[in-house]
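J.:
Chains as they are written, first to last, in the working numbering: chain C, 273 to 470; chain Y, 448 to 564; chain X, 19 to 671.
(1) Just to confirm the assignment: which complete alpha helix (DSSP H) runs, minimum length 4, are found wholly within the stretch 126-199 of chain X?
(2) Please determine whether the Cβ atom of residue 489 (chain X) lies at a distance below 6 angstroms from any heavy atom of the ligand MN.
(3) Near residue 425 (chain C), which residues of its chain fall below 7 angstroms by C-beta distance, leaving aside the five closest residues on each side in sequence?
(4) Can you tell me where the beta strand (DSSP E) with residue 554 (chain Y) in it begins and where it stops?
(5) Residue range of the alpha helix (DSSP H) that residue 297 (chain C) falls in?
(6) Would you kindly check if the distance between the Cβ of residue 500 (chain Y) and the Cβ of residue 512 (chain Y) is under 7 angstroms?
(7) What does residue 435 (chain C) touch in chain X if you count any residue whose Cβ is under 7 angstroms from its own?
(8) Report the rounded CA-to-CA distance for residue 408 (chain X) versus residue 402 (chain X), giving the unit in angstroms.
(9) Indicate whether residue 326 (chain X) and residue 281 (chain X) have their beta-carbon atoms separated by less than 7 angstroms.
(10) How far does the alpha helix (DSSP H) with residue 278 (chain X) in it reach, from first residue to last?
(11) Just to confirm my understanding: we take residue 302 (chain X), look at its own chain, exclude 5 residues before and 5 after, and list those with CB closer than 6 angstroms. What are they?
(12) In the DSSP assignment, what residue or residues form a beta bridge with residue 411 (chain X)?
(13) Let me confirm a value: residue 448 (chain C) is counted as buried when at least 16 other C-beta atoms fall within 10 Å, else exposed. Which label applies?
(14) Could you check whether the Cβ of residue 507 (chain Y) sits closer than 7 angstroms to any Cβ belonging to chain X?
(15) List the endpoints of the continuous beta strand (DSSP E) containing residue 46 (chain X).
(16) So, does the CB of residue 320 (chain X) fall closer than 7 angstroms to a CB anywhere in chain Y?
(17) Let me confirm a value: residue 258 (chain X) is counted as buried when at least 16 other C-beta atoms fall within 10 Å, else exposed. Which label applies?
(18) Please classify residue 667 (chain X) as buried or exposed, where buried requires at least 16 other C-beta atoms within 10 Å of its C-beta.
(19) What is the residue span of the beta strand (DSSP E) that residue 596 (chain X) lies within?
(20) For residue 464 (chain Y), count neighbouring Cβ atoms within 10 angstroms of its own Cβ and tell me buried if that reaches 16, exposed if not.
(21) In chain order, which alpha helix (DSSP H) runs of at least 4 residues are fully inside the stretch 341-415 of chain C?
(22) In chain order, which continuous runs of the alpha helix (DSSP H) of length 4 or greater are located wholly inside the stretch 310-368 of chain X?
(23) List the residues of chain C whose Cβ lies closer than 7 angstroms to the Cβ of residue 249 (chain X), in chain order.
(24) Compare the C-beta of residue 27 (chain X) with all C-beta atoms of chain C and state if any pair is closer than 7 angstroms.
(25) Within the continuous beta strand (DSSP E) that includes residue 441 (chain C), where are the two ends?
(26) Would the stretch 341-358 of chain X and the stretch 470-488 of chain Y be scored as touching if the rule is three or more Cβ pairs under 8 angstroms?
(27) Is it true that the CB of residue 131 (chain X) sits closer than 7 angstroms to the CB of residue 566 (chain X)?
(28) Determine whether the Cβ of residue 347 (chain C) lies closer than 7 angstroms to any Cβ atom of chain X.
(29) By the 8 angstroms beta-carbon criterion, what residues does the stretch 212-223 of chain X contribute toward chain C?
(30) What is the residue span of the beta strand (DSSP E) that residue 22 (chain X) lies within?
(31) Give me whichever residues DSSP pairs with residue 276 (chain C) in a beta bridge.
(32) Check the Cβ of residue 455 (chain C) against every Cβ in chain X and list those closer than 7 angstroms, keeping chain order.
(33) What number of angstroms, rounded off, separates the C-alpha of residue 480 (chain X) from the C-alpha of residue 488 (chain X)?
(34) If I'm right that residue 236 (chain C) touches residue 419 (chain C) with Cβ under 8 angstroms, what's the distance once you round it to whole angstroms?
(35) Which of the three DSSP states is assigned to residue 90 (chain X) in this structure?
(36) Whether or not the stretch 231-239 of chain X and the stretch 160-176 of chain X are in contact is what I'm after, with contact meaning three or more pairs of Cβ atoms, one per stretch, closer than 8 angstroms; do they touch?
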């Protein structure tokens, strides 16, 4: 006879900090957050080098940018509800709020497309235009990626083979979406507020 | 040694945060001082005054020294707590002390150089 | 809902039956599709190591070509344009395709073993990382042979690499290679962190982690914060060249120095990404061959963590000659000198370990001792070039070339070869030849010093870097000839190593589980390890389990063997938390890498490649993550039937 540590009664899935996927998502957030921080630092560096900023053009129009910000802030609610439904393994509510989140993300993307037309600069006119378009473009890429993620997850929750791990996927996607929202706020401040107030 | 794990671990959250403050906070403060010092060097030359650089650096030295002392206290408490925390305690103390030394070294040159060198 | 200690009748028959079941469940998939679908971190790690060593050989050949060209003045072996390509390819290969990937490969292979786990976290992501690394390397070399390989140095400064002065696709090749290798490194970093945090065997608390695992963990964090900088720099470069942005165009408000800041914010941590795992290797080798635990474990861990943080504050020391204010650069002088303190802590800890241990001068230990001589010399010259006035004299001369090779080869390559020799029995099941091992060490040591020591003098006598030839009356002739002769010895050393590998594979003695009587967990299983790594799995009770743990510790049972299941433990105290179905082999990581490669190569020719080219990888990713029957968690399916107690509340990590 020997002693043994019997782990067979342990659950076979977990949410939040206990899950592998949470840590992987956190790693992605750290990487992309660093990239955003460096781009913002590049913006400040380029601004610091010239006396007039933006050089020779008006700052980006506030309308579309503020609208996308509003959409994204409101979308915190369906996102939170999606996350909570997933963590309660509630299939019906998870399906509902995933679809709602997807629709909000879609609305955001439409508004973002229009936002690009109201920047009052082009990426190839000068360094200011380059950094503004790149900042906005990189954030948009992240948003579109999350839109596709959310859409695919919704499709899985309606049609795919389900077990508890799919709910963990939904919960972690919602976690990542929080990052996409939060990362927008400093970028908004840099693109729209900095040229007007600093 | 693992035993029945039906209870949840009761780590003192405040202690954990102070430990991480030592491990991560001191280096982050040093990196921030590095960057501000580097940027303020231009301001120092414009105003012909090294105060712009010396004051933030000295502030950072004092802060990390204080953090090192706090980490020492946390490390002593951590030694009495559960297993992994003594290591974290010593990590916090070691990092904070080392960063204080590095910052002190950084503070030397601004005291010696002229503002527009 | 918890793990409990029970008393069980566990016979040898039980153990054998379980091992057979595990061998079936974790078996390597067969055939070409199986090869492309493999997710075993040991095999992925081995692929990283072998591929990186092939690139090392290629980079060495390129160095050999440079040394032939520089052996005599006014040589015509390589013309100036080809020479520019050769030194760029040499640097790019060694830094991006050899040094970081080989350390990553060792990490993938040994981190799960050293923490006592069955496999690595996110194995399909690791597989994807390998294919991206391989694709990037092939892309670079094919470009080189098609005469569109990069030629602006491994750091590709603007404006030389910008649209105005570098027409054609050469600089774009460099910039896109960065994307491939950076993706490979980043995924390896995430995989390592999750494995070390969540896959440790019960009882392996953070203060019982082997120093090598600490080194890999700390390196992974560095990768996460450093790689984005080179991503931003290379992306901005491609944008400037392809779509007309002006990040680095002074005339339109841009700044070439911005490129240098972005690149070196990555570039300095990059050398520590190479160097920190090697320090972990040093602790491993010195502990094993001094037959005692390393002295000053806490100091070694503090040194690793401190070095990692401080590495992010040194980057301007590569820009001392750019014209920045002295007060600003003085911070970086101070930091560059102070980073020697953690290195010093490590060196004295190792010396104390050797002094108080029973030393066995096997070839791995010889390589470790070689580190002391070479790396310390490199560190001394590092302190010298950390000083702005001195650096202004030697910047862009061969003095810096000497310094960087002393620290990189002494600090990373010597420990690497020692470690490859040390772990050869574990990889292959055969013992490596001792005589050839000793010979290769001395050849490398002598050859290295003959090649690179003269370069200190050459630099102080004014020979600049990156020149394809020099005039005969500069006084540099003898030293260059000496350096080129040393290169011959280094090449011989590598050939001897290759012969040793082939001979040992063919006819080396069969290796037992633990031929070196080492203390870490990879030696607690067969050589090579079975696909499931360990069974039975006793819990961990000390920092050096194979030396100090009693024989009758409880073994972990209850992890299913009929599917690929692993035990997830808690971050701070390694207590069991839940069981997790580890992903099965899959072709989709390979397909995703293939389609991503097509998109990246296309995007150096047209920006539309990013738009249209992103569709195939997106489809591949969806296929990757789409749930399949074999991965269905039958304990929680369908979820409506999930027992209430399975609703896991969030708890401590």
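Glycine included, every Cβ here is placed at the ideal spot set by N, Cα and C. Because the structure is a prediction, the values reported are computed rather than measured.
T.: Well, looking at it:
(1) Counting whole runs of 4 or more residues, the stretch 126-199 of chain X contains the alpha helix (DSSP H) stretches 141-163.
(2) In terms of ligand content, the structure shown is empty, and the ligand MN therefore cannot be addressed.
(3) 370, 441, 442 and 445
(4) Premise fails: residue 554 (chain Y) lies in the alpha helix (DSSP H), 532-559, not in any beta strand (DSSP E).
(5) 292-320
(6) no
(7) Against residue 435 (chain C), the close residues of chain X are 650, 651, 654, 655 and 657, in the order they occur along the chain (beta-carbon pairs closer than 7 angstroms).
(8) 7 angstroms
(9) no
(10) 274-307
(11) 230
(12) The partner list for residue 411 (chain X) (beta bridge, DSSP) is empty, contrary to what the question assumes.
(13) By the beta-carbon neighbour count (other beta carbons within 10 angstroms, threshold 16), residue 448 (chain C) is buried.
(14) no
(15) Careful: residue 46 (chain X) lies outside any beta strand (DSSP E) and carries neither H nor E.
(16) Yes, its Cβ sits closer than 7 angstroms to a Cβ of chain Y.
(17) buried
(18) Low local confidence applies: a pLDDT of 42 at residue 667 (chain X) is under 50, so the model's placement there is unreliable, and no value is given.
(19) 594-599
(20) exposed
(21) 348-359 and 363-389
(22) 315-328 and 344-356
(23) 307
(24) True, the Cβ-Cβ gap to chain C drops below 7 angstroms.
(25) Looking at the DSSP string, residue 441 (chain C) is not in any beta strand (DSSP E); the run it does join, the alpha helix (DSSP H), is 436-460.
(26) yes
(27) no
(28) Answer no: the Cβ-Cβ gap between residue 347 (chain C) and chain X never drops below 7 angstroms.
(29) 212, 215, 216 and 220
(30) 22-26
(31) X:24 and X:573.
(32) Under the 7 angstroms cutoff, chain X gives no residues; its nearest Cβ is about 13 angstroms from residue 455 (chain C).
(33) Those two C-alpha atoms are separated by around 11 angstroms.
(34) One cannot answer for residue 236 (chain C) here, as it falls past the ends of chain C, which runs 273 to 470.
(35) coil
(36) no
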